[in-house]
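One structure is given here, and the rest of the page talks about it.
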Amino acid sequence: MTKPFTTVHDLASGLAAGAYSSVELTKHFLERIAQDQNNAFVTLTTDSALASAAKQDRARRNGDAGWLAGVPMAHKDIFCTKDIRTTAGSRMLADFIAPYNATIVNRINTQGMVMLGKTNMDEFAMGSSNENSYFGPVTNPWGEALVPGGSSGGSAAAVAAGLTPAATGTDTGGSIRQPASLCGITGLKPTYGRVSRYGMIAFASSLDQAGPMTHDAIDAAILLAAMAGFDERDSTSADREDAWMADALQGKLSRPAGLKIGLPRQYFDHANESAAPLEGVRHCLEAQGHTCVDIDLPHTDAAIPAYYVIAGAEASTNLSRYDGVRFGHRSDESESLEDLYQRSRSEGFGAEVKRRILTGTYALSVGYYDAYYLKAQKIRRLIANDFTRAFTTVDVLLAPTTLGGAFAQGSLTKDPVAMYQQDKFTVPVSLAGLPALSMPCGFVANLPVGAQLIGPAFREDLILGLADAYQAETDWHQTHPEQIV
Amino acid sequence: MADSSDHNIDLVHLARLARLSLDRDDQRATTSDLENIIDMIDSMQKIDTSDVAPMANPLDANQRLRADRVTEEVDRNQFQASAPSTQDGYYLVPRVIE
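Protein chains in written order, with our numbering: chain A, 27 to 511; chain B, 20 to 117.
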């Protein structure tokens, strides 16, 4: 009927042309998910997906279907879905059924897209390998003993394995871009404030941002436009009118000409395996008429320590809501209220979540606040200033997304600090709140790696347009794992 | 392993602040992990941040306030449907007052 790796925009055209119905498409992907080898899904929503597909098919027959109506997709299991459980990959929320939809879930529903299910993730989005899920690790479709990256590893693996044409993810310190890089797909972290956080289970509120994970830049633009927009229910939502957004929703991107592209030296100084594929991206962009120059982001190395203080501090605060009383896991054997809190939280949270809560608690405790939390916030400004300064001389930045390709399961689980270094190239952008995407740009030891394009605040159009132009001339984004048919 | 003698991590105290309890094996591993994490974090201290204002919001946005009026009603039954233990509209917890 259709190839498993067909893009959202091609599926929309196929539906419009009557090549297949939404019910047929939805069944096609549900059958593929039933054969999933990578543990990419936590919950399948077969019945509601088929009902929604049938409804979209009726709407199309009646001539009132939007152009995305009936195209299947999947949500990371961090977005609240009314009447469908939302686990955040945690035992704490293993049975949690939200009484409302996240704003982005409503917005994607409004487009008539069909939710196939909820994808697996690192617990509370804390992790870079998807080995921290209560529902078992996700593996990488490019090799079964390999991690898919994290925390949106289920979404990345699902798109890479052709189980869904697109999925949502969230990115706090790299959780969309890093798994996109390791699974060979396109992933966009929008500008902080672009996409509503309402109904997205909170990890670190000053960093969390939702975004799309797709086969190409056009699909990322479509999904971004479907998700984005002001939401009065999110106090940090940006109220903006960007004229390009309406075109983006239709899959129309203008390809920018004659850009000055900065390559930050600090991202290329390392013994980085991604350097060779990045060289290819540089040549391609130069051939398209852009100019590449080396620039400096001098505080890059301070980003990881500052991030783990800020994210830990915010996580320890956000996760204090899980008390075993109002919702979430509750211990059966508590003797007092105090005991109930401690037992419920100790049973409900996994090891990495506890480490982050304890790190944050330490950084916020009496006598340490100035030395850690305030210090980290000052470094955050230095890092943001680095980018601001860079964007006075260049239009966008090109950098590796990851240190290399996917790593082996279990290889970093015993060493949290080494695991944290995996986010080295994604965390600075998160601290600065800027938009960035990862797009497939080649292979290292037969495994995909991504190139990261970073734009000024609210200029997703620039990096998406540039990625679209790159993808028009290369086929890395159309290369799929051999064993998957 | 890096020298971490000057961190003085009182894990029992920290865990209590965070309302977590750790068994003995967990305590040993967690203390060692935390020492390594805090060593890594301490590398921040060598950066000069004098005269730098802390950044709380990445876009330096101000907190937006809305008009103080009722916009939605709380549906207690619906909200309590996901609570572990309720009775007559109340959340049940172990006895607090002897």
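For every residue, glycine included, the Cβ atom is placed at its ideal position computed from N, Cα and C.
Check whether residue i and residue j have beta carbons under 7 Å apart
i, j, result
"Ser512(A)", "Gly284(A)", "Since the first residue of chain A shown is 27 and the last is 511, residue 512(A) is not available in this structure."
"Ala186(A)", "Pro167(A)", "yes"
"Gly153(A)", "Glu378(A)", "yes"
"Arg381(A)", "Asp52(B)", "yes"
"Leu304(A)", "Pro474(A)", "no"
"Ala243(A)", "Thr212(A)", "yes"
"Gly180(A)", "Ala66(A)", "yes"
"Leu323(A)", "Pro290(A)", "yes"
"Glu312(A)", "Val470(A)", "no"
"Asp257(A)", "Tyr293(A)", "no"
"Ser201(A)", "Ser177(A)", "yes"
"Pro282(A)", "Gly491(A)", "yes"
"Phe417(A)", "Ala458(A)", "no"
"Cys209(A)", "Pro238(A)", "no"
"Met63(B)", "Lys401(A)", "yes"
"Gln235(A)", "Pro216(A)", "yes"
"Ala171(A)", "Gln497(A)", "no"
"Leu363(A)", "Val115(B)", "yes"
"Val140(A)", "Ser78(A)", "yes"
"Ile90(A)", "Gly115(A)", "First, the amino acid is wrong: residue 90(A) is Asp here, not Ile. For Asp90(A) and Gly115(A), no; Cβs fall outside 7 Å."
"Ala246(A)", "Leu214(A)", "yes"
"Ala444(A)", "Leu438(A)", "yes"
"Gln368(A)", "Ser40(B)", "yes"
"Ser464(A)", "Arg220(A)", "no"
"Pro454(A)", "Ala252(A)", "no"
"Pro287(A)", "His316(A)", "Going by the sequence as given, residue 287(A) is Ile instead of Pro. Cβ atoms of Ile287(A) and His316(A): closer than 7 Å."
"Arg111(A)", "Thr71(A)", "no"
"Ile60(B)", "Tyr333(A)", "no"
Residue burial classification, residue i (beta-carbon count within 10 angstroms, cutoff 16)
i, result
"Gln82(B)", "exposed"
"Phe451(A)", "buried"
"Leu275(A)", "buried"
"Leu111(B)", "exposed"
"Asn472(A)", "exposed"
"Gln61(A)", "exposed"
"Thr90(B)", "exposed"
"Asn27(B)", "exposed"
"Val164(A)", "buried"
"Asp83(A)", "buried"
"Glu486(A)", "buried"
"Asn548(A)", "This structure cannot settle anything about residue 548(A), because the visible part of chain A is limited to 27 through 511."
"Glu157(A)", "buried"
"Leu429(A)", "buried"
"Gly354(A)", "buried"
"Thr262(A)", "buried"
"Ala319(A)", "It is worth fixing the name first, because residue 319(A) is Val in this sequence and not Ala. Exposed."
"Met20(B)", "Since pLDDT at Met20(B) reaches only 36, below the 50 mark, its modelled position is unreliable, and no value is offered."
"Pro77(B)", "buried"
"Pro113(B)", "exposed"
Contacts that residue i makes with chain B (C-beta to C-beta distance below 7 Å)
i, result
"Thr387(A)", "Leu33, Leu36 and Ala37"
"Phe459(A)", "According to the sequence displayed, residue 459(A) carries Gly and not Phe. What Gly459(A) touches in chain B: Pro77 and Leu78."
"Val335(A)", "Ile60"
"Leu366(A)", "Val112 and Pro113"
Amino acids of chain B, ordered along the chain, whose beta-carbon sits closer than 9 Å to that of residue i
i, result
"Pro125(A)", "Asp94, Gln97, Phe98, Ala100 and Ser101"
"Val443(A)", "Asp52, Asn55, Ile56, Asp58 and Met59"
"Gly219(A)", "Asn76, Pro77, Leu78 and Ala80"
Where residue i meets chain B, residues with beta-carbon distance less than 8 Å
i, result
"Glu258(A)", "Arg85"
"Ser261(A)", "Gln82 and Arg83"
"Pro331(A)", "Met59, Ile60, Asp61, Ser62 and Met63"
"Arg381(A)", "Thr49, Asp52, Leu53 and Ile56"
"Arg369(A)", "Ser40"
"Ala184(A)", "The contacting residues do not exist; Ala184(A) stays about 27 Å from chain B at best."
"Phe122(A)", "Ser101"
"Leu400(A)", "Pro73"
Neighbour list for residue i in chain A, Cβ cutoff strictly below 8 Å
i, result
"Tyr110(B)", "Val351 and Arg352"
Amino acids of chain A, ordered along the chain, whose beta-carbon sits closer than 7 Å to that of residue i
i, result
"Val115(B)", "Leu363"
"Val71(B)", "Lys404, Arg407 and Leu408"
Residue i Cβ short of 6 Å to the ligand NAD heavy atom set
i, result
"Lys450(A)", "As far as ligands go, the structure on display features none, and thus does not contain the ligand NAD."
Under 8 Å: do the segment 127–146 of chain A and the segment 90–101 of chain A share three or more Cβ pairs, one atom per stretch? As far as the Cβ criterion goes, the segment 127–146 of chain A touches the segment 90–101 of chain A, which means the pair count is three or higher.
Any chance the segment 48–64 of chain B sits against the segment 220–233 of chain A, with 3 or more Cβ pairs inside 8 Å? Taking a cut-off of 8 Å on C-beta distances, the segment 48–64 of chain B does not touch the segment 220–233 of chain A, as fewer than three cross pairs fall below it.
Give a yes or no on contact between the segment 340–358 of chain A and the segment 475–483 of chain A, applying the rule of three or more CB pairs nearer than 8 Å. Remark: fewer than three beta-carbon pairs, one from each stretch, lie closer than 8 Å, so the segment 340–358 of chain A and the segment 475–483 of chain A are not flagged as touching.
At what residue ranges does the segment 177–239 of chain A contain a whole run of the alpha helix (DSSP H), taking only runs of 4 or more? Runs found: 179–186 and 203–209.
Can you list, in chain order, the stretches of the beta strand (DSSP E) that have 3 or more residues and sit fully within the segment 75–140 of chain A? Taking 3 residues as the shortest admissible run, the segment 75–140 of chain A contains the following complete beta strand (DSSP E) segments, listed from N- to C-terminal end: 98–102.
Could you tell me whether the segment 66–81 of chain B touches the segment 404–411 of chain A, using the rule of 3 or more Cβ pairs below 8 Å? The segment 66–81 of chain B makes contact with the segment 404–411 of chain A, as at least three CB pairs between them are under 8 Å.
Within the segment 408–486 of chain A, note down every full beta strand (DSSP E) run reaching 3 residues or more, in order along the chain. Fully contained in the segment 408–486 of chain A are the following beta strand (DSSP E) runs of length 3 or more, in chain order: 422–426, 462–470 and 473–480.
Cβ pair count under 8 Å reaching 3, the segment 123–137 of chain A against the segment 31–50 of chain A: Using a Cβ-Cβ distance cut-off of 8 Å, the segment 123–137 of chain A and the segment 31–50 of chain A are not in contact, since fewer than three pairs of beta carbons, one from each stretch, lie closer than that value.
Unbroken stretches of the alpha helix (DSSP H), 4 residues or longer, contained in the segment 243–267 of chain A: Contiguous alpha helix (DSSP H) elements confined to the segment 243–267 of chain A occur at 243–253, taking only those with 4 or more residues.
For the segment 45–76 of chain A, which segments carrying the beta strand (DSSP E) assignment without a break, of at least 3 residues, lie completely within its bounds, in sequence order? Complete beta strand (DSSP E) runs here, min 3: 67–70.
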